[in-house]
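All remarks here apply to the structure that follows.
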Amino acid sequence: MSVFPRLLCVSGAGKSWFCVSRPVCLSVSRTRNRTSSSARCYGSSTRTRTVRIGCASGFWGDTATAVPQLVHGGKLDFLVFDYLSEITMSLLSAARAKTPTLGYAPDFVHMALAPFINDIHRKGIRVVSNGGGVNPLACADAIRDVVKKAGLDLKVAVVTGDDLMPQREDLSGVRMVDDGVKRELPATLHSMNAYLGAGPIRRCLDLGADVVVTGRCVDSAVALGPLMHTVCKQQQQMEMFQSKSIYCFLFLFLQFDWKSNDYDLLAAGSLAGHLIECGAQSTGGVFTDWHKVPDWDNIGFPVVECSSDGSLVLSKPPNTGGLVSVGTVAEQLVYEIGDPRRYLLPDVTCDFSAVRIRELSGEDDAVRVTGAKGSAPSHDYKVCATFMDGFRATAVCPVGGVRAEQKGRRTAESIIKRTRRMFKNLGLEDFSAVNVQILGAEDTFGPNARDKGSREVVIWMAVHHKQKKALEMFSREIAAAGTGMAPGLTGIVGGRPRVSPVLKPFFFLHPKTELKVNIHMDGHQVESFLEAESDTHEEEVSPLTSEEDSPDKDLPSGKHSYRLEELAYTRSGDKGDSANIGEVFSTLTSYFTVLANACSGSFRSGSSPPALLLLSEETSDFFCGGELLRPPHRTRTEERCDTIHSPWDPGP
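Quick note on the UniProt record's numbering: the sequence shown kicks off at 1 and runs consecutively.
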């Protein structure tokens, strides 16, 4: 929110004039009964307008404590939620296949909205969420039931059209995201969703929606849509509260009205969305200096106060834990963006290479972010398809006692050997993949593991096979180790391993003009949305790499070895089967070669080494393509979040 003078129009005998009273905080959302809050408003100029957006979810399964702190302490105009990942879309697709009324994030309806819907309405907060998953219409129906039970009158809008499965028969020779080569769709296609942009969300808000539900969209769109939002004509009319002859004009200067070709502004809005879309990751979560972050149990969720000129202030609600600093926000800046000079989104191509983050003088837990630039987006949507690729099962068994590591390793090897013999006797194929780790023995550190002779370890066995019945056989053989193998196996975590289908991602491009996006309001389709034509022109952006890229080059050396976390902030994430590792530093420029060479052993033979990208001379971004061998062992047998890569310490 921005601080504006209160404007009073006083009508007198045949004339009127404006007088300026004390400043008040105003917002671009519809004015309802706002209650006071101790949250700070950081706008400082009457020439710019601001809007406050809080994000209460970074993924499906995030804490339920985020909504009340943001609703009651965030002084928000918009409350947004990001629930979707490639894995989540697959899970929701499976849920809808079993029950047609499912396929959305039920937590959004029953835990985020239902308990707080009256407070959200009373405070004039509008809600945007991609919690619709693969069934946004069913999600909207459930929300309307919540609204009806609360006795409220709220407009619920839905964006559909991201699901391409109805068009699967018409799609052939799709262009791949990575290289543009045309390939056929996988035969065992399970789901197929385009990453929509902020345009349809903006349109829903323009039509007066109080709650906007989408399916798949880029994460940042849930924030960019509200920032692009133009207050509808009916709402643009200056609402007046009459007290005899005095009127208070509330909507005189409060529309952002960002156009679809205001690329620098769209990039700034996308940056705002990017910084908050993972919830507490920008307020101290998974921070390199985690030991400096207080009160994880009450960690604050992010609020961005965005100005109409594109600048923003990121903070968190008062009286919450966590930390907002240059470091926490910079780490999130480099999270999962690939090339920071060419971050591709449906609405804009972002250049974050000149972004500056500064702590506000005299303010705790607030930073100002500026400098995002943008250019025209491409003519295509990115599409994530998933397809069936066999089955997997995972067994987790604690082992205790002297020589626990040796016991665990031999037990795992014996189970695999036994089941392989059973497969052979029944004419079944071998496992497609096997991953055995002894947790507590530092297997992920490879030759740099420290031999501690642990007396407590955990067997982690993850296996993949084309046939479900083969893994059911494996699953039944785990318990037998409790009486027929080493002493010390204390149980099976979660009971007998469950056999699950493996869904693999398949990314391709689809022309925007060939995708029909529809907008629904209160259960009825009201219009279709068409992306505005952009003046896209392909630009070659050469990768920025270290000048010292020869592995045989003499490297700097000294008397002391440092862990990376002692020299830089780090953040990593995953996209499909790839990891993105961001580094934020101030003095590491001359040591890029050391860092690149240290990472080179983590890749499969023949895969690409990490590409080093320079960001503002103080950050770097590695994109690790393909499945990583270490750390950690990441195969079809596992689903892992790649946040382990950034703080990973390979040293002895």
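Ideal placement from N, C-alpha and C gives every residue a C-beta, glycine not left out.
Which class does residue i belong to by DSSP, given the choice of helix, strand or coil?
i: S528; result: strand
i: L92; result: helix
i: E336; result: coil
i: I478; result: coil
i: R368; result: strand
i: residue 654; result: There is no way to answer for residue 654, as the model of the chain reaches only from 1 to 652.
i: V218; result: coil
i: Q467; result: coil
i: residue 656; result: Because the chain here runs from 1 to 652, residue 656 falls outside it and cannot be looked at.
i: K373; result: strand
i: R49; result: coil
i: V134; result: coil
i: S315; result: strand
i: H121; result: helix
i: F59; result: coil
i: V434; result: strand
i: E305; result: strand
i: R183; result: strand
i: A449; result: coil
i: E533; result: coil
i: E456; result: strand
Going by other Cβ atoms of all chains shown within 10 Å of its Cβ, with 16 needed for buried, is residue i buried or exposed?
i: L628; result: In this prediction, L628 has a pLDDT of 32, which is less than 50 and means its spatial position is unreliable; nothing more can be read from the coordinates.
i: Y343; result: buried
i: P447; result: exposed
i: P166; result: exposed
i: M461; result: buried
i: G199; result: buried
i: P511; result: exposed
i: G215; result: buried
i: P346; result: buried
i: N130; result: buried
i: R341; result: buried
i: W296; result: exposed
i: D443; result: buried
i: L333; result: buried
i: V526; result: exposed
i: N298; result: exposed
i: W60; result: buried
i: E531; result: buried
i: G495; result: exposed
Checking 8 Å against the spacing of the C-beta atoms, do residue i and residue j come in under that value?
i: V355; j: G408; result: no
i: V396; j: V493; result: yes
i: E331; j: D82; result: no
i: N118; j: A142; result: no
i: I125; j: V304; result: no
i: H121; j: L152; result: yes
i: A272; j: L227; result: yes
i: N518; j: G161; result: yes
i: V326; j: E359; result: yes
i: L70; j: F301; result: yes
i: V51; j: C306; result: yes
i: R168; j: F529; result: no
i: H190; j: T349; result: no
i: L314; j: L275; result: yes
i: D351; j: G374; result: yes
i: S90; j: L503; result: yes
Looking only at its chain, what residues have a beta carbon closer than 6 Å to the beta carbon of residue i, apart from the 5 residues adjacent to it on each side?
i: E617; result: A caution first: E617 carries a pLDDT of 38, below 50, which makes its placement in the model too unreliable to give a value.
i: H520; result: V158
i: F445; result: none
i: S311; result: T370
Is the closest heavy atom of the ligand NAP to the C-beta of residue i under 7 Å?
i: A376; result: With respect to the ligand NAP, the structure offers nothing, as it holds no ligand at all.
Could you tell me whether any Cβ in chain C is nearer than 8 Å to the Cβ of residue i?
i: K98; result: No chain C is present in this structure, which holds just one protein chain.
Using C-beta distances below 7 Å, list every residue in its chain close to residue i, excluding the 5 sequence neighbours before and after it, in chain order.
i: G488; result: V399, G400, G401, A404, K407
i: V128; result: F78, V80, I201, V212, V222, G225, P226
i: K468; result: F391, V499
Output needed for residue i: all residues of its chain with C-beta closer than 8 Å, excluding positions within five of it in sequence on either side, in chain order.
i: A13; result: Model confidence at A13 stands at a pLDDT of 35, short of 50, so the residue's coordinates are unreliable and nothing is read from them.
i: K316; result: T283, G300, F301, P302, V303, G322, V324, D365
Quick check: the stretch 109–127 against the stretch 258–273, are at least 3 beta-carbon pairs closer than 8 Å? no
Quick check: the stretch 167–185 against the stretch 209–218, are there 3 or more CB pairs under 8 Å? no
Using 8 Å as the threshold, is the stretch 356–370 in touch with the stretch 411–419, meaning 3 or more CB pairs across them? no
The stretch 472–487 in contact with the stretch 436–451 per 3-pair CB rule at 8 Å: no
Does the stretch 379–387 come into contact with the stretch 496–516, if we say contact requires no fewer than three beta-carbon pairs (one atom in each stretch) closer than 8 Å? yes
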